[in-house]
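Residue numbers for the sequence shown follow the working numbering, so the first one is 3 and each next one is one higher. A short worksheet on the structure shown next.
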Amino acid sequence: MESRILNRGLIVELSQAIDRGCSQVRDKIRRAAFEELKRLKGEELVIIMTDCISNDNRELRRFEEHANIARARNVPLFTINLHCDAEGWLLYGKTDLINVDVLARLRQNFEYIDAEKIHEYPDVKIFHLNLDISEMWEEEAAEKIRDFLQSPF
Numbered sequence: 003m004e005s006r007i008l009n010r011g012l013i014v015e016l017s018q019a020i021d022r023g024c025s026q027v028r029d030k031i032r033r034a035a036f037e038e039l040k041r042l043k044g045e046e047l048v049i050i051m052t053d054c055i056s057n058d059n060r061e062l063r064r065f066e067e068h069a070n071i072a073r074a075r076n077v078p079l080f081t082i083n084l085h086c087d088a089e090g091w092l093l094y095g096k097t098d099l100i101n102v103d104v105l106a107r108l109r110q111n112f113e114y115i116d117a118e119k120i121h122e123y124p125d126v127k128i129f130h131l132n133l134d135i136s137e138m139w140e141e142e143a144a145e146k147i148r149d150f151l152q153s154p155f
């Protein structure tokens, strides 16, 4: 099975290298990348995209871009929210954020995308997993994700 990985960080870093403000450049790069993903050939192609989508209207429009790729390719969309308590992030070095206050503020003000809202796309099969990895090692988390992706729906 062939796969492609599109890491959100790549788009952000490329955009910032071109223009520090980067929002217009980032949007152009993102649009171009997403249009190409829709056109890729191959029925056995898996597209893995990393992103951190919150529960506000702007972010829900970003999620719709992901759903549009699944719609265009006529494939299901699997979403996975990984979350961990603050101690886990710090103890296992699972974040680039090393400022505890910044991390705490982000965690307090951030709300993951609501799984109910992402099921509002009747022409796209969407499967969602919330997974707390606070007390898991990487191998266990990977196994749970694999089981979710392989389970019959």
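Don't be surprised by glycine CBs; every beta carbon is placed ideally from N, CA and C.
DSSP lists LEU131 as the beta-bridge partner residues of ILE82. Around GLU61, the same chain offers ILE55 as residues with beta carbons nearer than 6 Å, after the five sequence neighbours per side are excluded.
In this structure, HIS130 is the residue among GLU113, HIS130, ASN111, PHE112 with its C-alpha nearest to the C-alpha of ILE120. Closest by C-alpha distance to LEU79, out of HIS85, ASP134, ARG107, ILE50, is ILE50. Rounded to the nearest whole angstrom, the C-alpha separation of LEU84 and ASP134 is 6 Å.
Membership of ASN70 in the alpha helix (DSSP H) is indicated by the continuous run 59-75. Residue nearest to LYS127 within the set PHE150, ALA72, TYR114 is ALA72 (criterion: CA-CA distance). For ALA69 and ASN59, the gap between their C-alpha atoms comes out near 15 Å. Excluding sequence positions up to five before and after THR52, its CB lies within less than 7 Å of the CB of ASN9, ARG10, all in the same chain and listed in chain order.
Take VAL27, set aside five residues on each side of it, and the residues of its chain with a beta-carbon closer than 7 Å to its own are SER17, ILE20, ASP21, in chain order. In this structure, DSSP gives GLU37 a helical state, which the three-state scheme calls helix. Annotation: the continuous alpha helix (DSSP H) that includes ARG10 extends over 10-20. For LEU47, there is no enclosing alpha helix (DSSP H); the residue is found in the beta strand (DSSP E) stretching over 47-52. The beta carbon of ARG75 lies closer than 7 Å to those of LYS40 in the same chain, with the five residues before and after it left out. One Cα belongs to ASP29, the other to ALA144, and the distance between them is close to 31 Å.
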